[in-house]
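**Q** Numbering (this note's numbering), first residue to last: 4 to 79.
From the three backbone atoms N, C-alpha and C, an ideal C-beta is built for every residue, glycine too.
Structure in structure tokens, see below.
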């Protein structure tokens with residue numbers, strides 16, 4: 004269980020984070036294909052570096068509630 008002091012980091016393997024076209028990363032401005040739950044386009048390495056440098060701020064973390072997949076066919 005996480006607390007407000009220890010939010011869950013984004014699950015970058017979740018396909019809902021991938022964009023169909025690149026856009027400028029919110030942090031380095033180079034083209035990126037990932038986006039956060041808040042919709043910010045960001046590279047995984049940029050987001051992880053930002054999180055490490057700002058441990059008390061909540062920016063690139065998972066939603067409070069996980070999203071449900073339409074095709075919950077028993078696979079994780």
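Return the CA-CA distance between residue 104 and residue 49, expressed in angstroms with no decimal places.
**A** Only positions 4 to 79 of the chain appear in the structure, and residue 104 is not among them; the question remains open.
**Q** Does DSSP put residue 45 in a helix, a strand or coil?
**A** Within the chain shown, the letter at position 42 stands for residue 45. In the structure shown, residue 45 sits in coil (DSSP, three-state: anything other than H, G, I, E or B).
**Q** Please classify residue 29: is it buried, with 16 or more other beta-carbons within 10 angstroms of its beta-carbon, or exposed?
**A** As a first step, residue 29 is located in the chain shown; it is residue number 26 there, counting from the start. With 16 or more other Cβ atoms within 10 Å, it is buried.
**Q** With distance defined between alpha-carbon atoms, name the residue in 62, 26 and 38 nearest to residue 15.
**A** For the purposes of this step, residue 15 is taken as residue 12 along the chain shown, with counting starting at 1. Here the closest residue by C-alpha is 38.
**Q** Please classify residue 45 as buried or exposed, where buried requires at least 16 other C-beta atoms within 10 Å of its C-beta.
**A** As a position in the chain shown, residue 45 is number 42, starting the count at 1. Buried, by the Cβ-count rule.
**Q** Quick check: what's the CA-CA separation for residue 25 versus residue 32?
**A** Stepping through the chain shown from its first residue, residue 25 is reached at position 22. Stepping through the chain shown from its first residue, residue 32 is reached at position 29. If you take the alpha carbons of residue 25 and residue 32, they lie about 11 Å apart.
**Q** Measure the alpha-carbon distance for residue 43 versus residue 55 and round it to whole angstroms.
**A** Against the chain shown, residue 43 aligns to sequence position 40. Against the chain shown, residue 55 aligns to sequence position 52. The straight-line gap from Cα to Cα measures roughly 18 Å.
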